[in-house]
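Numbering (the working numbering), first residue to last: 842 to 1002.
We put the beta carbon where it would ideally sit given N, CA and C, even for glycine.
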Amino acid sequence: ALASLAPLKGKRILDVGCGLGAFWAYLQKQGVEARYTGVDLFPQVIQEAQALHPEAFFGVRNILQSPFPAGEFDFTFLSGVFNVKVRDNWKYMRALLKAALRQSQKAVAFNVLNAEAGLREADRFCAHPKALVAFGRRLGGSKVCLLDHYHHLDLTLFIYK
């Protein structure tokens, strides 16, 4: 779902919360050649991602505390980053997505768990589709697009600049 944001061939891609590089592996499997940068907070995870995918660039980075220059990337992706409950998920999402939008020239794509799916895990953050779209619009993009058809537990939001 995330990769359907736009044609990604030849684009500069930032993968925030990249984990072991699964999004990079997916892009490679699809034959998408792009300039990929994966960042995560955990050094051990980044070390493993780099070992698994030596052809890609991975680094330990918090884009709030150490942002990339404005417009450094065409697209930024955040997959699974917002699934765990924190003190104020909406505030955290707003801060991280605003940073991602500053660092992207074209769009940001992210996913969250769907509150309408009935998931009842106390440590999981879920959003209602309408609330997520309204939230995305308040971030100031030119267009917001919700994908909710591919898996009942997941919502993906695209915010185009």
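Check whether residue i and residue j have beta carbons under 8 Å apart
{"i": "Phe918", "j": "Phe966", "result": "no"}
{"i": "Phe864", "j": "Leu849", "result": "no"}
{"i": "Ala936", "j": "Val949", "result": "no"}
{"i": "Gly862", "j": "Gly879", "result": "yes"}
{"i": "Gln891", "j": "Glu913", "result": "no"}
{"i": "Ile887", "j": "Phe899", "result": "yes"}
{"i": "Asp1046", "j": "Gln946", "result": "One cannot answer for residue 1046 here, as it falls past the ends of the chain, which runs 842 to 1002."}
Alpha carbon of residue i to alpha carbon of residue j, nearest angstrom
{"i": "Ala972", "j": "Ala866", "result": "32 Å"}
{"i": "Val925", "j": "Glu874", "result": "31 Å"}
{"i": "Glu889", "j": "Ala958", "result": "33 Å"}
{"i": "Lys870", "j": "His894", "result": "12 Å"}
{"i": "Val927", "j": "Gly872", "result": "36 Å"}
{"i": "Asn903", "j": "Asp881", "result": "7 Å"}
{"i": "Trp931", "j": "Arg876", "result": "30 Å"}
{"i": "Glu896", "j": "Ser845", "result": "23 Å"}
Own chain residues within Cβ distance below 8 Å of residue i, not counting five before or after
{"i": "Gly921", "result": "Gly858, Gly860 and Asn952"}
{"i": "Val985", "result": "Val974, Gly977, Arg978, Leu998, Phe999, Ile1000 and Tyr1001"}
{"i": "Leu905", "result": "Ala936, Leu937 and Ala940"}
{"i": "Leu980", "result": "Arg935, Leu938, Lys939, Leu942 and Ile1000"}
Contacting residues, own chain, Cβ-Cβ under 6 Å from residue i (five flanking each side not counted)
{"i": "Met934", "result": "Phe923"}
{"i": "Tyr991", "result": "Ala842"}
{"i": "Phe909", "result": "Gln944"}
{"i": "Leu855", "result": "Thr878, Phe914 and Thr917"}
{"i": "Ala968", "result": "Val953 and Ala956"}
Strand pairing of residue i, partner residues [DSSP]
{"i": "Asp1000", "result": "According to the sequence provided, residue 1000 is Ile. The question's Asp does not apply to it. Val949 and Val985, per the DSSP bridge assignment."}
{"i": "Phe976", "result": "According to DSSP, which records beta bridges pairwise, Phe976 is partnered with nothing at all."}
{"i": "Arg1011", "result": "A question about residue 1011 goes unanswered here, because the residues of the chain that appear run from 842 up to 1002."}
Boundaries (first-last residue) of the alpha helix (DSSP H) holding residue i
{"i": "Phe864", "result": "Ala863 to Lys870"}
{"i": "Tyr991", "result": "Premise fails: Tyr991 is in no alpha helix (DSSP H) and is neither H nor E."}
{"i": "Leu937", "result": "Asn930 to Arg943"}
{"i": "Leu893", "result": "Pro884 to Leu893"}
Same chain, Cβ closer than 7 Å to residue i, neighbours up to 5 away in sequence not counted
{"i": "Leu987", "result": "Pro970, Leu973, Val974, Leu996 and Leu998"}
{"i": "Ser983", "result": "Tyr1001 and Lys1002"}
Limits of the beta strand (DSSP E) - the one that residue i falls within
{"i": "Val901", "result": "Phe898 to Val901"}
{"i": "Asp915", "result": "Phe914 to Leu919"}
Short CB-CB distance (under 8 Å) between residue i and chain B
{"i": "Phe918", "result": "Absent here is chain B; the protein component of the structure consists of one chain."}
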